[in-house]
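Number of protein chains: 2
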Amino acid sequence: MSELREEIMAANKRFMEAFKRGDPEAVAGAYTGGGRLLPPNSPQVEGPEGIREFWKQVMSLGIKSAELETLEVEGTGDGAWEQGRYTLRGAGGVMDVGKYMVIWKREGGQWKLHRDIWNSNQKAGG
Amino acid sequence: MSELREEIMAANKRFMEAFKRGDPEAVAGAYTGGGRLLPPNSPQVEGPEGIREFWKQVMSLGIKSAELETLEVEGTGDGAWEQGRYTLRGAGGVMDVGKYMVIWKREGGQWKLHRDIWNSNQKAGG
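Protein chains in written order, with our numbering: chain A, 215 to 340; chain B, 215 to 340.
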């Protein structure tokens, strides 16, 4: 496995752990200062405070974990893009499965999410 | 405006023109040979034939034009990423507005879409 892929997977692991602890502050800390979320059925969300509030809201909907599975990573110096697959779980089991793309930037020696977009594999309203 | 941004916008213009003509073959030709669509509420779609069939299906739903507005482009040699805003129109007006991210690759001297993911700004079922 490439070093870059390992580093991105390690950054995703920190994201997943913060999510599982129910710690929106730490989840938001995984993003760059100029980070941006592009969530489905929502306008885009910008900046650390907006990102923290977004994930706090998601956690309050009963989503207990967000599993991220890296399918593809390509690096470009201090940037990289990743395609992956996510699974959201609540107390009753799987709540959503879908795909995501992340633009990563190395900031202060650490890989951070810079752009984060995803959508569900499930039929709308399904 | 940077040369890269101009080139990506020109590639998007060709995409939009092909879409407006109702030409799914030409739309599919805007993607790399290993191109992949990540559409909302659907599994991913791979390869020229799958991509052509996907856009043919979209056109058959009465979508007459797909406007692409580039908000951000960052280049990485023979690769680039773009964030943008789309508007889908049918005979009766706007059918959907949303955001997209594209990973571009230069193939045979031409910028082609390599990964293409998007989602709606509108509430689900709204």
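We put the beta carbon where it would ideally sit given N, CA and C, even for glycine.
Can you have a look at residue i and say buried or exposed, based on whether 16 or more other CB atoms are within 10 angstroms of its CB?
| i | result |
| --- | --- |
| A:E217 | exposed |
| A:L275 | exposed |
| B:E215 | Just to set this straight, residue 215 of chain B is Met in the shown sequence, not Glu. Its Cβ having fewer than 16 others within 10 Å, B:M215 is exposed. |
| B:L285 | exposed |
| B:R235 | exposed |
| B:I298 | Correcting the residue type first, residue 298 of chain B is Gly in the shown sequence and not Ile. So B:G298 counts as buried. |
| A:Q271 | exposed |
| B:A232 | buried |
| A:A242 | buried |
| B:G340 | Low confidence applies here, because B:G340 scores a pLDDT of 49, under 50, leaving its location unreliable and the question unanswered by this model. |
| B:P257 | exposed |
| B:G306 | exposed |
| A:A338 | exposed |
| B:A225 | buried |
| A:L282 | buried |
Please go through the same chain and pick out, in chain order, the residues whose beta-carbon is closer than 7 Å to the beta-carbon of residue i, but skip the five residues on each side of it.
| i | result |
| --- | --- |
| B:E288 | A294, W295 |
| B:E260 | R250 |
| A:A280 | M230, F233, Y300, L302 |
| B:A240 | A232 |
May I ask you to list the residues that DSSP assigns as paired with residue i?
| i | result |
| --- | --- |
| B:I331 | B:L252, B:M315 |
| B:K192 | For chain B, the structure presents residues 215 to 340; residue 192 of chain B sits outside this window and is missing. |
| A:K326 | A:K319 |
| A:G304 | A:I277, A:G307 |
Enumerate in chain order the residues of its own chain whose CB-to-CB distance from residue i is below 6 Å, with the five nearest sequence positions on each side excluded.
| i | result |
| --- | --- |
| B:N335 | V311, G312 |
| B:I317 | W295, H328, R329 |
| A:K278 | R303, G304 |
Apart from the five residues on each side of it in sequence, which residues of its chain come closer than 8 Å, Cβ to Cβ, to residue i?
| i | result |
| --- | --- |
| B:T246 | K319, E321, K326, L327, H328 |
| A:V308 | T301, L302 |
Does any heavy atom of the ligand PLP sit closer than 7 Å to the C-beta of residue i?
| i | result |
| --- | --- |
| A:M309 | In terms of ligand content, the structure shown is empty, and the ligand PLP therefore cannot be addressed. |
- Query: Going along the chain, which unbroken runs of the alpha helix (DSSP H) with 4 or more residues stay wholly within the segment 238-300 of chain A?
  - Reply: 238-242, 261-274
- Using a Cβ-Cβ cut-off of less than 9 Å, list which residues of the segment 237-264 of chain B approach chain A; keep chain order. R250, L252, P253, P254, N255, S256, P257, Q258
- Please list the residues of the segment 315-339 of chain A that have a C-beta atom closer than 7 Å to any C-beta atom in chain B, keeping them in chain order. Residues M315, I317, R329, I331, N333, S334, N335, Q336, K337, A338, G339.
- Task: Check distances from the C-beta atoms of the segment 280-299 of chain A to those of chain B and list, in chain order, the residues that come in under 8 Å.
- Result: E288, T290, G291, G293, W295, Q297
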